[in-house]
Amino acid sequence: MKLSFKNMVAAATVLGVSLAAGVSANAQDTLQDVMKKRGLTEKDILSAAKTYTPTGGRDEFIAFASGGQSGQIIVYGIPSMRILKYISVFTPEPWQGYGFDEESKKVLAMGNMNDQEITWGDVHHPAISETNGEYDGRYLFTNDKANPRIAVIDLHDFETKQIVVNPVFKSNHGGAFVTPNTDYVIEAAQYPAPLTNEYVPLSQFNEKYRGGVTYWKFDRKKGRIIPEESFTVEMPPYSQDLSDFGKGPSDGWSFTNSFCTERYVGGIENGRPPFEAGCSQKDTDFFHMVNWKKAAELVKAGKANKINGHDVLSIDTAVKEGILYLVPEPKSPHGMDVSPDGKFMIVAGKLDTHASVYSFEKIMGLIKAKDFAGKDPYGIPILDMKKSLHLQLSVGLGPLHTQYDSKPCIVYTSIYVDSQVTKWNYCEGKVLDKLNIHYNIGHLMTMEGDSVKPKGKYLVSMNKLAIDRFNPVGPLHPQNHQLIDISGDKMQLLYDMPIPLGEPHYAVAIAAETLKPIIRYKVGWNSREDVKHEYRSRPGREKVVRDGTNVHVYGTLIRSHITPEIVEVEQGDTVYFHMTNLERAQDQTHGFAVDMHNANLSVEPGKTATAKIVAKNAGVFPYFCSEFCSALHLEMQGYLLVKPKGTKSDASGPSVGTKYTEADYKGELATIKGTQDVINSVVGFITSQNYTDFKPVVALVEDATDQLNFAADAEKKHKAAAEKKDWQNATLWAQQHFQYQVKAADIGLRAKTYLEEHGSKTVKK
Ligand code: CUK
Ligand code: CUA
Numbered sequence: 002m003k004l005s006f007k008n009m010v011a012a013a014t015v016l017g018v019s020l021a022a023g024v025s026a027n028a029q030d031t032l033q034d035v036m037k038k039r040g041l042t043e044k045d046i047l048s049a050a051k052t053y054t055p056t057g058g059r060d061e062f063i064a065f066a067s068g069g070q071s072g073q074i075i076v077y078g079i080p081s082m083r084i085l086k087y088i089s090v091f092t093p094e095p096w097q098g099y100g101f102d103e104e105s106k107k108v109l110a111m112g113n114m115n116d117q118e119i120t121w122g123d124v125h126h127p128a129i130s131e132t133n134g135e136y137d138g139r140y141l142f143t144n145d146k147a148n149p150r151i152a153v154i155d156l157h158d159f160e161t162k163q164i165v166v167n168p169v170f171k172s173n174h175g176g177a178f179v180t181p182n183t184d185y186v187i188e189a190a191q192y193p194a195p196l197t198n199e200y201v202p203l204s205q206f207n208e209k210y211r212g213g214v215t216y217w218k219f220d221r222k223k224g225r226i227i228p229e230e231s232f233t234v235e236m237p238p239y240s241q242d243l244s245d246f247g248k249g250p251s252d253g254w255s256f257t258n259s260f261c262t263e264r265y266v267g268g269i270e271n272g273r274p275p276f277e278a279g280c281s282q283k284d285t286d287f288f289h290m291v292n293w294k295k296a297a298e299l300v301k302a303g304k305a306n307k308i309n310g311h312d313v314l315s316i317d318t319a320v321k322e323g324i325l326y327l328v329p330e331p332k333s334p335h336g337m338d339v340s341p342d343g344k345f346m347i348v349a350g351k352l353d354t355h356a357s358v359y360s361f362e363k364i365m366g367l368i369k370a371k372d373f374a375g376k377d378p379y380g381i382p383i384l385d386m387k388k389s390l391h392l393q394l395s396v397g398l399g400p401l402h403t404q405y406d407s408k409p410c411i412v413y414t415s416i417y418v419d420s421q422v423t424k425w426n427y428c429e430g431k432v433l434d435k436l437n438i439h440y441n442i443g444h445l446m447t448m449e450g451d452s453v454k455p456k457g458k459y460l461v462s463m464n465k466l467a468i469d470r471f472n473p474v475g476p477l478h479p480q481n482h483q484l485i486d487i488s489g490d491k492m493q494l495l496y497d498m499p500i501p502l503g504e505p506h507y508a509v510a511i512a513a514e515t516l517k518p519i520i521r522y523k524v525g526w527n528s529r530e531d532v533k534h535e536y537r538s539r540p541g542r543e544k545v546v547r548d549g550t551n552v553h554v555y556g557t558l559i560r561s562h563i564t565p566e567i568v569e570v571e572q573g574d575t576v577y578f579h580m581t582n583l584e585r586a587q588d589q590t591h592g593f594a595v596d597m598h599n600a601n602l603s604v605e606p607g608k609t610a611t612a613k614i615v616a617k618n619a620g621v622f623p624y625f626c627s628e629f630c631s632a633l634h635l636e637m638q639g640y641l642l643v644k645p646k647g648t649k650s651d652a653s654g655p656s657v658g659t660k661y662t663e664a665d666y667k668g669e670l671a672t673i674k675g676t677q678d679v680i681n682s683v684v685g686f687i688t689s690q691n692y693t694d695f696k697p698v699v700a701l702v703e704d705a706t707d708q709l710n711f712a713a714d715a716e717k718k719h720k721a722a723a724e725k726k727d728w729q730n731a732t733l734w735a736q737q738h739f740q741y742q743v744k745a746a747d748i749g750l751r752a753k754t755y756l757e758e759h760g761s762k763t764v765k766k
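Residue numbers (this note's numbering): 2 to 766.
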């Protein structure tokens, strides 16, 4: 597209700049120059302006995307599409120390199955906790499709706290989704299997293989799932798939679709047609409707059977009590998305061009009138499809998932085969717009799109293939998340974000302001259990305690030293480094790594974490802080000395090469005085301002005060040494005094700059 001057003016106006004043990125470039050089159109500039976030800027929404095979959750901002964090959930991740510290190893171990360690997961569907159907930003849940598990992440610190293993399933898919008040988290099985752990031949598939839906009870106060209060509703051996909970009028019900209701079992190697043929013979499959509130009451009333110690309501009981129904849906369906008002459920058939809108009201009418079309082989009443439908609409080839807009009746459906998003009106059954995406979209996500109050604005298309979108990086391509502006009548593609870590499935996005993450823990905190850490330590109370061959190090970390700095043990000992980060300052994380022992901790301010080391080999093993935390970060080090059994202890250090004199000590004192003058002038400036009105500055002042307290402590030590004319130690402690001053001055200057940049006022002279 050729750019006219008029277009340029329009583009420049969008960017809030004036051409007359000379639109310059630097002294030479005008906006026009840059557009020409980079081959950008006016539309590109508009898209850029809609996503570009200047330094220090924040995003309006925070997305939690499934990390697929990486077993993690990817956190990013919308509209900037900047990745903020990977939350490790089912997979070890060394940066966060996940699977490397003893506390998180316990979390991962909750996910072991059949005495087997499982260190990967296939994350599909994250869900944010809800209050009255609205996202409350407190917790995040997700499933692992590969191994039937659900994880709980606390959003106050974005850490995984719990993993529960499904006691009766062998796989899952339709989880995690929550009830409007997060009483339950749903997990539907995928591939039928015996609910027990026995071997059952495939010839008994119809009789002994089963599906099911598990309702995990969530305790909001504890922030944990309670397995003993959770239960499963047994289902026929159909492959249960995606699920959703009702809301409003449909609150109390859950909906789970299924495929392969043919109950076909493949066997291509024996000459039988494969699963894909056998599982798509019929024109329809079923979605399962469960009255979960009533099911919970029945379980409480003792109507469940125990399988593997877990409550299971049988199909017979569920049918007898009228809490389980089947509704036909187009074959091989995929999505199951309840409307914000809870009146409709939208299902898309992968092998059909239609999206089907079911009416909850009609369905309830049929159930009340006992107007059934028949029964399945397990005696479950089947409703009439036509009578249950509000409408069907052809939306494209291979429709999968549907998300709701803030505008009434407007939805977006992902169209896998056509590589498109279709915008349509589900009340009237009208297609409104189509947009090409790149390529083969799976899930899609609108802002708070599965809550009772979707926020509209943006849509993210999570594509299975990237093909030619990015610079090639070998045969394995990144995934492609595409940001789409849905604020107008026509959808507009804004941005492509490569995700180089696992395949995206579902994602959820929440208004950023709803999230209230902490910036530090209470000092000595076990973050995985959210209790005071048994082995926490305080400054000056660091110690090493031996208990047989177990050695417990109660250590601390603070800019820029590790206490203790020398740990001596014997070969064969087990050493537990319990490290507490004493910092209170924002973002002052320290790492703790012991060389050659597969140990790394991420110790955020206040946290206590434990590195366990089995000292198999005698030797010298440096340990160090593995986060560049301060100017003397590299000096944040120590030695683990592993002596052969029976060797005499000697941690005295080498003979000192440098001998300091009184003159050296005096020189240090002069430096200290000069530095103190700088500090005083900075403190004078800060306290003359209304600095208490600026939260970040208050935090910085607190941190600087801490450093000055440490400085005072070091001062006492050098003065005491000087009194004894121990110039060696006097000079070294004086240098330590200076180190603390430098940290305080550095923090003070940051506070001063912040005040100057944010227009503080003078309140006293
Ligand atoms: S599934 Cu992957 S695209 Cu697991 Cu929700 Cu549909
Ligand atoms: Cu602490 Cu580097």
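Glycine included, every Cβ here is placed at the ideal spot set by N, Cα and C.
heavy atom of the ligand CUK below 7 Å from residue i C-beta
i	result
LYS146	yes
LEU516	no
TYR507	yes
HIS157	no
HIS553	no
HIS562	no
HIS444	yes
ILE439	According to the sequence displayed, residue 439 carries His and not Ile. HIS439: no, Cβ never under 7 Å from the ligand CUK.
HIS335	yes
Outcome for residue i when other beta-carbon atoms lying within 10 angstroms are tallied against a minimum of 16
i	result
GLY760	exposed
GLN393	buried
ARG59	exposed
SER231	buried
ASN271	exposed
GLN29	exposed
TYR53	exposed
ILE269	exposed
GLU235	buried
GLN587	exposed
ASP469	exposed
LEU807	In the structure displayed, the chain extends from 2 to 766; residue 807 sits before or after that span and is not available.
GLY138	buried
GLU758	exposed
ARG547	exposed
Backbone secondary structure at residue i - three-state DSSP
i	result
GLY556	strand
LYS218	strand
LYS744	helix
SER407	coil
PRO476	coil
GLY323	coil
TRP96	helix
GLY749	helix
ASP317	helix
PRO331	strand
ARG547	strand
ASP727	coil
GLY175	coil
Continuous alpha helix (DSSP H) stretch holding residue i: start and end
i	result
ILE308	Counting along the chain, ILE308 falls outside any alpha helix (DSSP H), though it belongs to the beta strand (DSSP E) covering 306 to 308.
LYS717	696 to 724
SER81	No alpha helix (DSSP H) contains SER81, which DSSP labels as neither H nor E.
GLY639	Premise fails: GLY639 lies in the beta strand (DSSP E), 638 to 644, not in any alpha helix (DSSP H).
PHE206	206 to 209
Element boundaries [beta strand (DSSP E), containing residue i]
i	result
ASN133	Element bounds for ASN133: n/a, residue is neither H nor E.
VAL595	591 to 595
The ligand CUA heavy atom lying under 7 Å from the CB of residue i
i	result
MET580	no
GLU716	no
LEU558	yes
GLU628	yes
MET236	no
SER603	no
Neighbourhood of residue i by C-beta distance below 6 Å, restricted to the same chain and skipping five residues each side
i	result
LEU466	TYR440 and ASN441
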